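Q:
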Amino acid sequence: MRAVQSGTRLSVLLALLAISSLALAKPPRRAAQALRSTSLTFTLKDGSCLDGPIAKITPKSVTIQPPGRPAEAVARDDLRQASQNGSILFSARSSWADVEGVHLMSRESFVIKLRTGKTVKGKPYHIEDKAIVFKHGWRPKKVYPKSAIVTVDYLRVKPDAFGFDYFTQEAPALLFFYPEFYDQLKGLEGRVPVRLYDAVQREDNSPLPCARP
Numbered sequence: 014m015r016a017v018q019s020g021t022r023l024s025v026l027l028a029l030l031a032i033s034s035l036a037l038a039k040p041p042r043r044a045a046q047a048l049r050s051t052s053l054t055f056t057l058k059d060g061s062c063l064d065g066p067i068a069k070i071t072p073k074s075v076t077i078q079p080p081g082r083p084a085e086a087v088a089r090d091d092l093r094q095a096s097q098n099g100s101i102l103f104s105a106r107s108s109w110a111d112v113e114g115v116h117l118m119s120r121e122s123f124v125i126k127l128r129t130g131k132t133v134k135g136k137p138y139h140i141e142d143k144a145i146v147f148k149h150g151w152r153p154k155k156v157y158p159k160s161a162i163v164t165v166d167y168l169r170v171k172p173d174a175f176g177f178d179y180f181t182q183e184a185p186a187l188l189f190f191y192p193e194f195y196d197q198l199k200g201l202e203g204r205v206p207v208r209l210y211d212a213v214q215r216e217d218n219s220p221l222p223c224a225r226p
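For the numbering used here, add 13 to where a residue sits in the sequence shown, where the first one is 1.
(1) Which residue from 110, 207, 57 and 223 puts its Cα closest to that of residue 92?
(2) Using 8 angstroms as the threshold, is the segment 105-112 in touch with the segment 64-75, meaning 3 or more CB pairs across them?
(3) Of the residues 164, 77, 59 and 217, which one's Cα is nearest the Cα of residue 67?
(4) Could you have a look at residue 59 and say whether DSSP puts it in helix, strand or coil?
(5) Kindly indicate which residue of 121, 159 and 211 has the alpha-carbon position closest to the one of residue 167.
(6) Would you check if the segment 154-167 and the segment 203-217 touch, i.e. whether three or more CB-CB distances between them fall below 8 angstroms?
(7) Give me, in chain order, the residues of the same chain whose beta-carbon lies closer than 6 angstroms to that of residue 145; leave out the 5 immediate sequence neighbours on both sides.
(8) Per DSSP, residue 90 is paired with what?
(9) Is it buried or exposed, residue 224, if we count other Cβ atoms within 10 angstroms and call 16 or more buried?
(10) Going by DSSP in three states, residue 85 sits in which element: helix, strand or coil?
(11) Tell me which same chain residues have a C-beta within less than 7 angstroms of the C-beta of residue 118, skipping the five on either side of it?
(12) Tell me which same chain residues have a C-beta within less than 6 angstroms of the C-beta of residue 219, skipping the five on either side of it?
(13) When DSSP builds the beta bridges, which residues end up paired with residue 216?
Laid out in structure tokens, this is it:
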């Protein structure tokens, strides 16, 4: 009986030691995030592109770490867009073409502000050159002409990337990417708003060049 109890105690002790070893070997939170890091693409106003995660960020500049190359700092004023796998997560231009190019995923939507002051939220049924169309169930289509729209924001899910997800938990990154939404970000449940169209700004629907070094 004692031999059985001793064997049982030894088994439990070995199991506890194994669990402790796994806990000690588990990488810290930042390292674990870095392991699943995905690359972001930064398109600059001079037509060049940089790929890589964010190494450092302030309200006025972002430092990108291209693979196999030295880190490079980019001023906010020099950045035109940032994206992940073709999905925009920052844009410095007003573009109806970018609105038309969005493919909304689950939990993503548009937030449209009209000249009347009304705000419309949801997934459009269709986006045309001169209008955004909504349709809910059997209700008739609701057409919002482009001329009646002030802004279009793309409410997208945060990308699962160390260089974005980790840094955008801090104020400098939020002020860099989304200064106009800073006070609203806490209630968006893992989503970030990207302003794609602003009727006040000059509209730019040209294709974005992306020359890589």
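Positions of the beta carbon are idealized from the N, C-alpha and C atoms, including for glycine.
Predicted, not measured: the structure shown is a model, and the values here were computed from it.
A: Reading off the structure:
(1) 57
(2) no
(3) 77
(4) coil
(5) 121
(6) yes
(7) 137 and 157
(8) Partner(s): none; residue 90 has no beta bridge.
(9) exposed
(10) strand
(11) 170
(12) none
(13) 107
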